[in-house]
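Remarks on the structure that follows.
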Amino acid sequence: MRLALAAAAAALVLAGCGQSGGGAQRSVCPPGKLCFHAANQNDPETLDPAKGSLVIEDNIISDMFVGLVTDDAAGQPIPGAAESWTTSPDGLTWTFKLRPHVWSDGVPVTADDVVFSLRRLADPKTAAQYAYFIYPIKNAQEINGGKAAPETLGVEALDDRTVRITLLHPVPYLPELLKHQSTYVLPAHVIRKWGDAWVNPGHIVSNGPYTLASWRLGDKIRLVKNPRFYDAANVCLDEVYYYPIADINSAERQVLRGELDMSNSLRSSRVEYLRKVAPDYVHTHTYLGVGYLAVNTNIPALKDKRVRLALDMALDREFYAEKLFRAGELPAYGFTPPGVANYPGGVKAYFAGWPLERRQAEARRLLAEAGYGPKNPLKLEILYSPGGSQTTIVPAIQADWRQIGVQASLAQAEGQILFSSLNARNFQVGVAGWIADYNDANTFLYLLKSTTGPQNYGDYKNPIYDALLDKADNEPDLQKRAAYLMQAEKIMVDDAANLPFYFWISRNLVNPNVSGWIDNIVDHHRKRWLCFKDADARRSAPRS
Amino acid sequence: MTAFGPELAPGSRAGAAAMTSAARKGRSLWDDALRRLLRNRAAVGSMAVLAVLVLAAVVGPFLTPFTYDQLNKQDVWVAPLTHGHLLGTDSLGRDLLARLLIGLRVSLAVGVVATCVSLVIGVAWGASAGYLGGRIDEVMMRVVDVLYSLPFIFFVILLMVTFGRNFILMFVAIGAVEWLTMARIVRGQTLSLRHKEFVEAARAAGVSSGRIVLRHIVPNLLGPVVVYVTLTIPGVILAESFLSFLGLGVQEPLTSLGTLISTGAQDMELAPWLLIFPSIVMVVTLMCFNFIGDGLRDAIDPKDR
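Those protein sequence lines, which keep their order, are chains C and P.
When we follow our numbering, the leftmost residue of the first sequence carries the number 1, and every step to the right adds one.
When we follow our numbering, the leftmost residue of the second sequence carries the number 1, and every step to the right adds one.
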């Protein structure tokens, strides 16, 4: 999943340069209700679960919809729209039993809705970025490629409350896939009626804890509790407000002043200070995210493995993690973050233990071997997006590369433009980041497979790597599977297919009065689990 | 251009000596203006301070022990006066003094270059419109009116997005917006000058329009133009800072006063020096320009006092 790199510049202008107001005026809560106010860096591009791809969209969508599987308070998969499921011994057939529950308009959620949603995701007409997500399902890849009809998808409704999913190869992490926003259960009757306009306020119905009440662009999104949600009795907060606040410093101040209850982003360099002045507010946790430099292997110079390795070695990752970010981030010598499920991890590039001087010397040697030197310096352009947490690092990378004689110039591009440039291979080196879509190493390693398409930014192609991933896909034994994946990762890392530089941590600023908050590795905090410590007092003594 | 200036009587003290010399030296309006300017303490003080700042911006970066883009990895975020960093270092361990000097250089360069762009376009446009008059004047000034109604920041952002981030482009963009007021001032002055006797005389003598504008109109406009220029430079520096504050300014590792203040503001509780020193330099620079502009206006146009 891509991090929403807010275009700080443009958004600041749009927000009226508001340091104090910031365009987000805390709403008046109806008397006797519990309202939760959250900062969200930007307005979502869409609220259609199948089409979204940003974290800021997932935050909102996942409060409105539940998939067959859903998140518990700690981000672990628990039964959602399905109350139970069984797996065939070969791991290829999964049967889900739906929970009897209804959409927010009273229409029952049926197995047909599930079939409809997944077919819609695979259908090339939907143009869903995450269509590849269900490629393990029979025929999904063919359907998405236009070679088969959506009806041939390996998802069938056996009766009104039973769904059978047929896979191409065992996917032990299927429940993780089915709690991702792209696979959520959608209301077939509403989408058939309204088409793409089904997500508009007034049309949209959902099966989750909240429904969309209003969306004022640039101002706020208001969700109200869905009384028909199957677990509505245990949902504490009555209303949830999301404010698009691009300026994270402004969001931080609003949380500290008590105007907002949480902000899901926080500049790393602020963490140290905030831990001192507001220790109860700061929440950091290991996170399945990695910051890396995508290297375009279509550029002749970067096609050369020696050049990529030299660039890789010259990065002073310890400095980045300890001095620049200093919130607990870890230097990355591999691509898969520590803590991923079903994966012992710990794969590191062969030069990981070397001191910086030795790495620099070796990098210079490799560059010279590749034909670059003081007389013929390698010139590169680093593409990055301003405003993001990763921005601070770019001048440091530039300086580190200067040490080995590489002249890097910097090019800034606003978030959306950056992503389209990466997708179009219109870059040399790009600052990118990847957040796990599901808790499995595959979500990272998949990126560098030659068949992945746009998200393999650097167009890395290595048949051995691809073969190992395929082998892992078809391996039901989790330990053997992990061994294949680690073998693949080692090959990719030693090839410098891309240049990972640090593993992220999640950084949230949460009012200490909020209860039910559990820091977790996927950084999912669905609002249905949250409440206020003084909830009773708030209910009886309403305040604005 | 002293042709039309009233010849002033020689000063009494110098009288005798002047009388005896063959060529009696007159005092022009410009001499007068200079005298009045030099009597203005704030203006003179500002000029001295500004001279120091310009000198620092030009030669300073060569003299600092650290370069502006050099990372001192052991000295991240150190306070002023530690380990040889007079003004401390930033989050990457870069010396603030070196960055401040380079930032000042960039800001001053932006100010001067953009103002020159606005000067050239504005004077040419305004003088042509004013002198030619009639329908041409109408059309030219309506163009100015239309451009005036474009919000400045959106115009610059649009330029940046279309042509990409470019240092030179930013000079031009700001200059291309700032010339509008200049054109109006110049046109107004030209209108009042074009019917003056010396212009009539030149026309009667058969001098071409272009030459009249260049030789007779423009030199007589210089007073208000010079005043306006000194007031435009700080305006442009501010505009650049504003753009930098929004992240549309110069590219790393280069910096400008606005960029320094913007990044300094993000961590002001942790490293206040990153905000304080650039702000002081910025305020002093702007104040100098404003005092000089004020002094010049008083000197050149004594009626306005």
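Note that CB positions come from ideal geometry on N, CA and C, so glycine has one too.
Simplified DSSP assignment, three categories, for residue i
| i | result |
| --- | --- |
| C/Cys236 | coil |
| P/Leu158 | helix |
| C/Arg222 | strand |
| C/Phe65 | coil |
| C/Trp94 | strand |
| P/Ile307 | Here chain P has residues from 1 to 305 only, and residue 307 of chain P is not among them. |
| C/Pro108 | strand |
| C/Ala24 | Here C/Ala24 scores only 48 on pLDDT, less than 50, and its place in the model is too uncertain to base an answer on. |
| C/Gln455 | coil |
| C/Glu414 | coil |
| C/Gly289 | strand |
| P/Tyr148 | helix |
| C/Arg538 | helix |
| C/Leu311 | helix |
| C/Lys379 | strand |
| P/Met141 | helix |
| C/Asn207 | coil |
| C/Thr87 | strand |
| P/Trp125 | helix |
| C/Ala50 | coil |
| P/Val229 | helix |
| C/Val295 | strand |
| C/Pro79 | strand |
| P/Asp294 | helix |
| P/Ser21 | With a pLDDT of 49 at P/Ser21, under the threshold of 50, the predicted position of this residue should be treated as unreliable, and no value is reported. |
| C/Val282 | strand |
| C/Asp71 | strand |
| C/Lys276 | helix |
| C/Lys305 | helix |
| P/Leu50 | helix |
| P/Gly103 | helix |
| P/Ala271 | coil |
8 Å contact criterion, which residue i and residue j should meet: CB distance rounded
| i | j | result |
| --- | --- | --- |
| C/Gly415 | C/Tyr457 | Contact flag wrong, Cβ pair sits at about 15 Å. |
| C/Leu383 | C/Ser421 | 6 Å |
| C/Leu293 | C/Asn462 | With 8 Å as the limit, C/Leu293 and C/Asn462 do not qualify as a contact, their Cβ atoms being about 18 Å apart. |
| C/Asp261 | C/Val514 | 6 Å |
| C/Gly405 | C/Arg364 | 7 Å |
| C/Pro244 | C/Gly218 | 6 Å |
| P/Gly126 | P/Met182 | 7 Å |
| C/Cys531 | C/Leu237 | 7 Å |
| C/Asn520 | C/Ala74 | 5 Å |
Cross-strand partners of residue i (DSSP beta bridge)
| i | result |
| --- | --- |
| P/Met282 | The partner list for P/Met282 (beta bridge, DSSP) is empty, contrary to what the question assumes. |
| P/Thr255 | Beta-bridge pairing links P/Thr255 to no other residue. |
| C/Phe532 | C/Val514 |
| C/Ser409 | C/Glu381 |
| C/Met262 | C/Ala38 and C/Val510 |
| C/Trp215 | C/Ile221 |
| C/Val102 | C/Pro108 |
| C/Tyr242 | C/Ala38 and C/Ile221 |
| P/Thr89 | P/Asp95 |
| P/Thr82 | P/His85 |
Beta-carbon proximity of residue i to residue j, cut-off 9 Å
| i | j | result |
| --- | --- | --- |
| C/Val185 | C/Lys348 | no |
| C/Glu564 | C/Ala411 | Nothing can be reported for residue 564 of chain C: it is not among the residues displayed for chain C, which extend from 1 to 544. |
| C/Ala399 | P/Leu92 | yes |
| C/Ala128 | C/Ala157 | no |
| C/Tyr484 | C/Leu177 | no |
| C/Ala131 | C/Ala140 | yes |
| C/Pro337 | C/Trp504 | yes |
| P/Leu86 | P/Val281 | no |
| C/Leu297 | C/Asp459 | The residue asked about is misnamed: residue 297 of chain C is Thr in this sequence, not Leu. Taking 9 Å as the Cβ cut-off, C/Thr297 and C/Asp459 qualify as a contacting pair. |
| P/Gly295 | P/Ser279 | no |
Distance cut-off 8 Å: residue i Cβ against heavy atoms of the ligand GDP
| i | result |
| --- | --- |
| P/Thr190 | Here there are no bound small molecules, and the ligand GDP is not part of this structure. |
Suppose only complete runs of 4+ residues qualify. What are the alpha helix (DSSP H) ranges in the region 423-510 of chain C, listed by chain order? 442-445, 463-473 and 478-494
Going along the chain, which unbroken runs of the beta strand (DSSP E) with 3 or more residues stay wholly within the region 121-202 of chain C? 155-159 and 162-166
Curious, which full-length alpha helix (DSSP H) runs of at least 4 residues does the region 158-217 of chain P contain? 167-193, 197-204 and 209-212
Quick check on the DSSP output: what are the complete alpha helix (DSSP H) runs of length 4 or more inside the region 319-404 of chain C, in order along the chain? 356-369 and 394-403
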